[in-house]
Amino acid sequence: MSGRAAKRWVALLGTLLALSLGVGTAADATAGGTPTASVPTANAPVVKKVVGKGTPASCTETALFAAVRTGGSITFNCGPNPVTIKITKTLRTCNTHNCKHPWEGGKPLTAMTLDGGGKVTLSGGGKVGIYYANSCEESFGWLSSRCDKDATLQVTFKNLTFVSGNATKGVPDKESVGGGGGGGAIAMRGNKLTVVNSTFKSNVCVKAHSDAGGGAIRVVGVKSVKISGSTFSGNKCANGGAISSLGSPMSISTSTITGNAATGSGASSGKGGNGGGVYFDGASQNVTISSTKITKNKAGKGGGGSGVFYVSNNRGGTLTIKGSTVTGNTGEAFWTGSRHDLFYLGKKLSISSSTIS
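For any residue, its number in the working numbering is found by taking its place in the sequence shown, counting from 1, and adding 2.
Listed below in structure tokens is the structure:
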């Protein structure tokens with residue numbers, strides 16, 4: 003949360019105290035647009051939407067932007083052939099139906115599902131990140147004074163291809179997702195994320211940073227991350243060439259993560275380079291990798307975990323790898339035991355029916 007946001011929440015807490023002591027009134031609480039206490043409000047309905055009217059030309063960036071912004075269950079009608087929609091302004095989903103706080107009439111969104119039907123490619127053109135959501139973004143509507151703990155909105159991507167997203171500069175005029183940012187295809191803070199049967203190619207973020215990461219996907223404080231049946235290739239960032247999690251529990255299953263690179267150097271005390279394929283840094287959050295192939299990814303100079311990098315700073319988190327292959331990854335300067343493709347610090351490392359170099 004920015005300094006400006008923090009100041010507004012300090013004002014909110016002062017208002018709540020005044021109300022509890024009988025000093026103020028509800029009218030006082032909303033004067034001048036100052037946030038009030040949590041206002042009981044019904045969630046917004048999940049609306050079905052269709053982008054396009056049967057032709058490729060009708061599937062415009064403008065129509066997609068408007069649909070995604072206010073959530074719902076979104077599909078495409080772009081004709082029988084595959085289409086590519088070039089994104090020039092990062093797609094985003096607000097936390098409420100009108101992007102205003104609940105005390106200003108905003109109804110919390112519970113779902114944003116985007117299903118490409120296996121025919122839609124979203125391209126950042128090498129210039130912008132493709133998608134951004136943030137429970138602590140003020141202009142999206144705050145749901146509570148602890149926006150970092152909000153998990154009302156479920157974001158789901160299905161049957162899509164994300165290519166050439168670039169999160170190097172972040173989203174103009176919006177908060178960073180934290181920890182230096184990242185996520186050339188998907189950048190999220192808070193709420194929940196599910197990715198199904200999707201492809202991520204040649205997405206990038208900042209080249210060098212101690213914490214920033216996720217050439218394709220960056221999640222910070224997201225309460226549930228589930229990735230299945232998806233492919234990641236040619237993605238690059240300072241850490242976590244394909245996927246980077248900061249304090250977000252993850253489940254990665256039946257996926258292929260190959261040919262991605264952590265481009266930083268010097269590891270965490272320098273400018274990154276950890277996690278050529280997958281990167282996790284957090285506390286007691288657990289990560290599970292199952293039936294997944296992680297190969298030919300590369301750590302940066304001085305970095306570790308060329309395939310998988312996992313650090314639980316309070317040693318309270320568990321990494322589970324089952325039925326998976328983590329081999330042929332390169333560039334690591336440090337690793338765990340005899341497994342060069344893996345670096346792990348945490349409560350428990352569980353490996354079963356897997357091959358790890």
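Quick reminder that beta carbons are idealized off the backbone N, C-alpha and C, glycines included.
Just so you know, the alpha carbons of ILE358 and THR329 end up roughly 6 Å apart.
Of the candidates ILE353, ASN237 and SER247, the residue whose Cα lies closest to the Cα of ALA218 is ASN237. Across the structure, ASN199 and VAL227 are spaced so that their CA atoms are roughly 14 Å apart.
Collapsing the DSSP output to three states places SER230 in a strand. Close CB contacts of LEU116 within its chain, under the 6 Å cut and outside five residues either way in sequence, are with ILE76 and PHE159 (chain order). Each of LEU145, ALA263 and ILE353 was checked against the Cα of THR320, and the nearest Cα belongs to ILE353. If you ignore the 5 residues before and after LYS102, its C-beta comes within less than 7 Å of the C-beta of GLY108 and GLY143, all in its own chain and listed in chain order. Classified as exposed, ASP175 has fewer than 16 neighbouring CB atoms from the shown chains inside 10 Å of its CB. Between the beta-carbon of ALA285 and that of SER247 there is about 12 Å, and that puts the pair past the 8 Å contact cut. Inclusion of ALA263 and LYS225 in the CB contact set at 8 Å is not warranted, their separation being larger than that value. Taking 3 residues as the minimum length, the beta strand (DSSP E) runs contained wholly in the region 95-150 are 113-125 and 133-136, in order along the chain. Per DSSP, the continuous alpha helix (DSSP H) segment holding LEU66 begins and ends at 63-71. Here the alpha carbons of VAL70 and LEU93 stand approximately 7 Å from one another. Taking all protein chains shown into account, ALA46 has 16 or more neighbouring C-beta atoms within 10 Å of its C-beta and is therefore buried. Between LYS88 and CYS61, the alpha-carbon positions lie close to 10 Å from each other.
Per DSSP, SER352 is one residue of the beta strand (DSSP E) stretching across 350-354.
Taking the C-beta atoms as reference points, CYS207 is found nearer than 8 Å to ALA169.
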